[in-house]
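Visitor: Take this structure, written in structure tokens, and hold onto it; I'll ask about it next.
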Amino acid sequence: MSHPHLRLKKNEDRRLRAGHAWIFSNEVDSEAGRITDFEAGQLANVLGQGGKPLGTAYINPNSLICGRMISRQSDVALDKSLIKHRLNIASGLRERLYGDGACRLVFGEADGLPGLVVERFGRVYAIQLSTAGMDVRQGEILQAIEENFAPEAVVLRNDNPVRQLENLGVEAPRLIAGELPQTLEIEEAGLRFGIDPLAGQKTGWFFDQRPMRERLAHHVQPGARVLDLYSYLGAWGLRAAHAGAGDVLCVDSSAEALAGVEANAERNGLTVETQQGDVMAVLKDLRQAGEKFDIVIADPPALIKRRKDVKQGRKAYRQLNQAALQVLAKDGLLVSASCSAHMARDELIRTVQASARHLDRSAQLLEIGGQGPDHPVHPAIPETAYLKTAFFRVLPSW
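Per the numbering used here: the sequence shown = residues 20 to 417.
Following this line, the structure appears as structure tokens:
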């Protein structure tokens with residue numbers, strides 16, 4: 020059975036022809052058919068200029084991004100069979116990278132499953148459905164995961180506020196299949212971390228920074244004093260301690276996260292200090308107390324969530340980096356990160372440079388990287404290259 024057609028306006032098909040997967044509501048030719056005639060999650064054959072077929076998309080008339088391409092072929096069904104096939108392709112990459120270890124198993128558009136994120140923690144899986152097209156197929160996705168991987172448990176993490184952009188409800192995390200083990204651990208670079216996929220931030224762990232944490236280990240000098248801001252469960256701070264840092268302070272606003280840091284430190288036979296509080300307030304107190312650190316890691320949550328927040332978000336990144344530099348030793352290392360897709364890589368570099376000059380200091384950019392390969396970037400979709408992490412050596416002014 021053929022899908023109904025969705026026709027685009029003249030010249031609005033160029034981005035899709037280049038490989039992008041998103042269709043915006045103002046690109047639809049309303050004279051050829053109204054977007055409101057579609058139901059949320061319904062499939063459509065997308066037509067470009069002159070009626071030329073562009074492929075199959077699922078539609079959401081209630082969202083600014085009203086369509087997401089799932090195939091360059093027409094009349095493709097987004098059913099359990101296709102989901103299983105693409106899960107297999109995605110897991111093939113991760114098996115080459117990590118064997119059966121913990122990782123992000125599916126990263127939305129980059130893995131041909133827009134709106135779907137799947138994390139693997141051993142035999143426990145966490146899934147996140149951020150679009151209507153995936154939300155209405157929750158049953159097929161769960162079946163595909165069960166048939167492909169025989170999971171011990173599956174957790175649904177539909178607590179991401181981005182769902183509201185699709186006119187979807189934000190739900191409390193819940194177990195939808197199997198039983199969770201009493202203790203769930205993952206391993207990274209020889210360290211063991213206890214995580215909670217039901218109550219933890221995001222889906223329980225931040226796999227995307229794994230390569231950058233590996234780079235951090237190369238910069239830690241024996242006995243270094245390290246400040247880990249927005250520490251969550253201590254992935255950065257404990258990595259520094261394991262690499263030989265003599266004094267590590269982990270700061271987070273969440274008491275539960277810091278309890279996790281302490282438990283993970285004990286789990287690995289490491290020693291760190293923790294401090295609960297607002298990061299900016301803690302930085303102010305540290306500065307007033309004259310504290311200095313050899314390495315400061317500033318890896319905040321996204322400070323720019325929407326395009327309209329760019330101006331305010333850039334200001335927030337500037338304030339954070341400037342405050343971090345004020346507690347950095349004379350020849351110190353600042354690790355500055357942004358997971359905001361609306362914060363460009365060059366903008367992050369300029370932000371740190373401006374912060375350093377404001378404090379009459381000189382910065383050297385040593386290296387910059389992004390998310391790990393279990394978060395592959397779709398070359399035609401810049402938004403999938405969301406993570407930037409820069410390592411700066413910061414000196415007194417020349």
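Every residue gets a Cβ at the ideal spot worked out from N, C-alpha and C, and that includes glycine.
State the Cα-Cα distance for the pair LEU252 and PHE212, rounded to the nearest angstrom.
Guide: Distance between the alpha carbons of LEU252 and PHE212 is about 8 Å.
Visitor: Indicate the three-state DSSP secondary structure (helix, strand or coil) for ILE214 in the structure shown.
Guide: Coil, per DSSP.
Visitor: Going by beta-carbon coordinates alone, are ALA260 and ILE314 separated by less than 8 Å?
Guide: No, Cβ-Cβ distance for ALA260 and ILE314 is not below 8 Å.
Visitor: Would you kindly check if the distance between the Cβ of HIS24 and the Cβ of THR75 is under 8 Å?
Guide: No.
Visitor: Using DSSP's beta-bridge definition, name the partner residues of CYS269.
Guide: CYS269 is bridged to ASP247, THR293.
Visitor: So does the region 227-239 actually touch the region 191-203, counting three or more Cβ pairs closer than 8 Å?
Guide: In short, these stretches do not touch, since the Cβ pair count stays below three.
Visitor: Rounded to whole angstroms, how far is the Cβ of ALA218 from the Cβ of ALA236, which I believe are closer than 8 Å?
Guide: About 29 Å separates the two Cβ atoms, so there is no contact after all.
Visitor: Using CA atoms only, rank isn't needed, just tell me which of SER381, GLN338, PHE43 is closest to LEU184.
Guide: Ranking SER381, GLN338, PHE43 by Cα distance to LEU184 puts PHE43 first.
Visitor: Which whole runs of the beta strand (DSSP E) in the region 75-116 are 3 residues long or more, in chain order?
Guide: As far as the region 75-116 is concerned, its whole beta strand (DSSP E) runs of at least 3 residues are 84-90.
Visitor: Taking the alpha-carbon positions, what's the ALA342 to GLY296 distance?
Guide: Computed Cα separation, rounded: 15 Å.
Visitor: Would LEU268 pass as a contact of GLN294 if the rule is Cβ separation under 8 Å?
Guide: Against a cut-off of 8 Å, the Cβ pair of GLN294 and LEU268 comes out as a contact.
Visitor: Please report the straight-line C-alpha distance between ALA335 and ARG176, rounded to a whole angstrom.
Guide: Straight-line Cα distance between these residues: approximately 28 Å.
Visitor: Can you look up HIS24 in the DSSP assignment and give me helix, strand or coil?
Guide: In the structure shown, HIS24 sits in a strand (DSSP, three-state: E or B).
Visitor: So for ARG234, helix, strand or coil by DSSP?
Guide: Three-state DSSP puts ARG234 in a helix.
Visitor: In chain order, what residues of the same chain have a beta carbon less than 6 Å from the beta carbon of GLY256, not counting five sequence neighbours either side?
Guide: Only ASP247, SER250, VAL267, CYS269, VAL291 meet the Cβ criterion.
Visitor: With DSSP as the reference, label PRO346 as helix, strand or coil.
Guide: Per the sequence shown, the amino acid found at residue 346 is Val instead of Pro. Correct three-state label for VAL346: coil.
Visitor: What does a CB cutoff of less than 8 Å around ALA375 pick up in its chain, not counting 5 residues either side in sequence?
Guide: Taken in chain order, the residues that qualify are LEU344, SER381, ALA382, PHE411, VAL413.
Visitor: Would the beta-carbon of ARG113 fall within 8 Å of that of LEU106?
Guide: No.
Visitor: Residue range of the alpha helix (DSSP H) that ASN64 falls in?
Guide: Taken as a continuous stretch (DSSP letters only), ASN64 belongs to no alpha helix (DSSP H), being part of the beta strand (DSSP E) at 62-66.
Visitor: Start and end of the alpha helix (DSSP H) containing SER416?
Guide: Taken as a continuous stretch (DSSP letters only), SER416 belongs to no alpha helix (DSSP H), as it is neither H nor E.
Visitor: What residues in its chain sit with their C-beta under 8 Å from that of GLN162, if we drop five residues either side in the sequence?
Guide: Hits under 8 Å: LYS99.
Visitor: Examine the Cβ distances between the region 51-68 and the region 86-101 and report whether three or more of them are shorter than 8 Å.
Guide: Contact holds: three or more Cβ-Cβ distances are below 8 Å.
Visitor: Taking ARG286 as the reference, which of HIS39, SER93, CYS358, GLU204 has the closest Cα?
Guide: The candidate whose alpha carbon is nearest that of ARG286 is GLU204.
Visitor: If you reduce the DSSP assignment to three classes, tell me which class ASP119 lands in.
Guide: It is coil, neither helix nor strand.
Visitor: Give a yes or no on contact between the region 178-193 and the region 147-166, applying the rule of three or more CB pairs nearer than 8 Å.
Guide: With a cut-off of 8 Å, the region 147-166 and the region 178-193 count as touching, because enough Cβ pairs lie within range.
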